[in-house]
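Going by my numbering, the sequence shown opens with residue 711, and the numbers climb by one from there. Everything on this sheet refers to the single structure shown next.
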Amino acid sequence: MFKINRKVLSISLLAMFLVFLSGCSKGVAKLNLDIFKKEKVEIFTSKDGNYVVGASNRWNAISKDDDDILLSLQSEEYNSNYMLKKEDKSEYSKDMTLDKYSILVGEASLVGLENGSLSESEDITIDNKDGKKFYVKGEKEGIKLKYIFTVLDSEEMYLRQIIWSTEENIEENSSYYYKILGSLKKNVESPQQSN
Numbered sequence: 711m712f713k714i715n716r717k718v719l720s721i722s723l724l725a726m727f728l729v730f731l732s733g734c735s736k737g738v739a740k741l742n743l744d745i746f747k748k749e750k751v752e753i754f755t756s757k758d759g760n761y762v763v764g765a766s767n768r769w770n771a772i773s774k775d776d777d778d779i780l781l782s783l784q785s786e787e788y789n790s791n792y793m794l795k796k797e798d799k800s801e802y803s804k805d806m807t808l809d810k811y812s813i814l815v816g817e818a819s820l821v822g823l824e825n826g827s828l829s830e831s832e833d834i835t836i837d838n839k840d841g842k843k844f845y846v847k848g849e850k851e852g853i854k855l856k857y858i859f860t861v862l863d864s865e866e867m868y869l870r871q872i873i874w875s876t877e878e879n880i881e882e883n884s885s886y887y888y889k890i891l892g893s894l895k896k897n898v899e900s901p902q903q904s905n
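Quick look at the structure:
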């Protein structure tokens with residue numbers, strides 16, 4: 711009979727296990743990439759023609775009667791919503807700033823939510839416009855929701871983007887939603903001049 715060295719056996723088993731895990735993780739990563747590749751990028755244009763947003767073919771434009779809502783998208787598959795809204799600065803006092811406006815929007819969004827909370831805002835830039843990004847969390851009818859807001863400062867207006875879904879969905883897929891929010895651009899083929 712031969713004697714088995716437990717240390718060598720342990721190291722060998724550990725090495726085989728790591729090779730196995732490495733192979734599995736490559737398969738998972740490839741699968742996720744394949745799923746992402748199945749989505750075709752679509753460009754959605756705001757109803758005034760001044761802005762475009764990139765999302766996938768799993769989103770649909772929804773018509774809204776409100777003139778201040780420039781674009782509304784919905785993904786039934788992802789149970790998610792997107793909205794681009796404008797607000798003229800002339801509707802506010804002259805001392806309104808981007809910081810104050812962001813707080814106002816965030817606090818107003820808490821209305822109707824149970825256990826609502828508002829995050830601190832972060833400075834961002836989208837399409838060369840200074841802005842703020844923040845989150846609102848809360849419950850509605852027992853469902854935990856999370857809203858991602860970006861508020862952008864333009865010369866004559868504030869542009870507000872919102873994506874909302876369940877809290878779990880937003881947190882697990884935040885990079886996907888950030889890509890949509892970050893894709894907002896001034897439409898170079900715009901029929902009107904706007905900020």
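Every residue gets a Cβ at the ideal spot worked out from N, C-alpha and C, and that includes glycine.
Exposed is the label assigned to S885, since fewer than 16 other Cβ atoms lie within 10 Å of its Cβ. Where I853 is concerned, there is no enclosing alpha helix (DSSP H), although the beta strand (DSSP E) around it starts and stops at 853 to 863.
For K850, the closest of E877, I813, D809 by C-alpha to C-alpha distance is E877. DSSP links N770 through a beta bridge to Q784.
Boundaries of the beta strand (DSSP E) harbouring G826: 824 to 828, taken from the DSSP string.
According to the DSSP assignment, K810 belongs to the alpha helix (DSSP H) that extends over 808 to 819. About 28 Å separates the CB atoms of T835 and G826; that is not less than 8 Å, and the two are not in contact. When the alpha-carbon of D863 is set against those of T755, A771, K795, the nearest one is in K795. DSSP places G892 within a helical segment (H, G or I) once states are collapsed to three. When secondary structure is reduced to three states using DSSP, N883 falls in the coil class, being assigned neither helix nor strand.
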